[in-house]
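For the sequence shown, this note's numbering gives the first residue as 47, with consecutive numbering after it.
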Amino acid sequence: MSVSEDRTAQPSVQPAAPASGIADPAPLGLAAFALTTFLLSAANANWMTAATGDAWLGYALAYGGIIQLLAGMWEFRNRNVFGATAFSTYGGFWIGLFLWARFVAPAASSPTAAGHDVAWILLAFAIFNTYMLILSAQLNMAVFGVFLTLELTEIILFIGNFASSSGIVHFGGYVGIITALVAWYASAAGVANGVGGRVKLPVGKALL
Numbered sequence: 047m048s049v050s051e052d053r054t055a056q057p058s059v060q061p062a063a064p065a066s067g068i069a070d071p072a073p074l075g076l077a078a079f080a081l082t083t084f085l086l087s088a089a090n091a092n093w094m095t096a097a098t099g100d101a102w103l104g105y106a107l108a109y110g111g112i113i114q115l116l117a118g119m120w121e122f123r124n125r126n127v128f129g130a131t132a133f134s135t136y137g138g139f140w141i142g143l144f145l146w147a148r149f150v151a152p153a154a155s156s157p158t159a160a161g162h163d164v165a166w167i168l169l170a171f172a173i174f175n176t177y178m179l180i181l182s183a184q185l186n187m188a189v190f191g192v193f194l195t196l197e198l199t200e201i202i203l204f205i206g207n208f209a210s211s212s213g214i215v216h217f218g219g220y221v222g223i224i225t226a227l228v229a230w231y232a233s234a235a236g237v238a239n240g241v242g243g244r245v246k247l248p249v250g251k252a253l254l
């Protein structure tokens with residue numbers, strides 16, 4: 047057998063698929079969500095009595111919106127369908143809320159009408175969040191905690207806005223602050239565990 051024939055007889059070897067080369071975008075998306083949620087929730091909880099109460103507005107567009115949307119797009123590149131759907135959706139939520147607060151709310155016929163707008167928005171996102179909450183139970187406790195506290199926040203706030211109850215909205219603000227803290231922890235855990243150093247933060251096991 048000739049050398050050329052021998053080479054032909056050898057099985058072809060497919061080259062390994064190249065690595066994506068993209069770092070995990072989840073900690074960034076969680077941090078963007080946490081900070082913007084904290085600012086809006088602090089306003090809802092009536093903590094910003096000496097401020098305008100609109101500190102969240104610019105960050106709803108720039109950080110919670112655009113940066114979180116980018117994190118969602120990078121999750122698509124990483125083939126993480128859960129992260130891509132969650133970050134892209136809530137990035138859109140913050141961009142949409144910014145646009146509503148900037149252009150729609152000032153033209154509302156009354157504060158009650160504006161509050162009902164917010165209630166309908168939160169109700170719609172609570173429906174989305176419900177199935178994401180169930181599916182997050184397959185990931186880890188940290189991510190599940192984010193979606194659980196967010197679910198409670200959205201439910202309390204849409205009830206408060208439909209009822210035009212400042213007390214319920216204030217309570218929703220406090221729950222929203224807890225949501226932000228849980229999301230910040232999940233973000234910190236992602237950074238710490240991704241760095242590969244000595245500091246490790248537990249995220250817990252999946253429930254399902």
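Glycine included, every Cβ here is placed at the ideal spot set by N, Cα and C.
Where do the N-terminal and C-terminal ends of the alpha helix (DSSP H) with residue i fall, by residue?
i           : result
residue 130 : 127 to 145
residue 120 : 114 to 123
residue 202 : 187 to 208
residue 83  : 72 to 90
residue 217 : 212 to 241
residue 178 : 157 to 182
residue 102 : 101 to 107
Is there at least one Cβ from chain C nearer than 8 Å to residue i's Cβ?
i           : result
residue 153 : Checking the listed chains, one finds no chain C in this structure; it contains a single protein chain.
If I'm right that residue i touches residue j with Cβ under 8 Å, what's the distance once you round it to whole angstroms?
i           : j           : result
residue 71  : residue 233 : Between residue 233 and residue 71 the Cβ distance is about 11 Å, and since that is not below 8 Å, they are no contact.
residue 164 : residue 207 : 5 Å
residue 137 : residue 161 : Contact flag wrong, Cβ pair sits at about 24 Å.
residue 226 : residue 84  : 4 Å
residue 122 : residue 75  : Not quite, the Cβ-Cβ distance comes to about 12 Å (not below 8 Å), so this is no contact.
residue 174 : residue 135 : 6 Å
residue 86  : residue 250 : Not a contact, Cβ separation roughly 27 Å.
residue 246 : residue 252 : No, residue 246 and residue 252 are not in contact; Cβ-Cβ is about 18 Å, not under 8 Å.
residue 158 : residue 210 : 5 Å
Determine whether the beta carbon atoms of residue i and residue j lie at a separation below 8 Å.
i           : j           : result
residue 203 : residue 215 : yes
residue 102 : residue 68  : no
residue 254 : residue 154 : no
residue 140 : residue 96  : no
Worksheet item: Are the segment 141 to 148 and the segment 173 to 183 touching, with three or more C-beta to C-beta distances below 8 Å?
Response: no
Practice prompt. Could you tell me whether the segment 218 to 235 touches the segment 84 to 91, where touching means 3 or more Cβ pairs closer than 8 Å?
Written response: yes
Worksheet item: Are the segment 108 to 126 and the segment 77 to 88 touching, with three or more C-beta to C-beta distances below 8 Å?
Response: yes
Worksheet item: Hey, is the segment 224 to 232 in contact with the segment 184 to 193, meaning 3+ C-beta pairs nearer than 8 Å?
Response: yes
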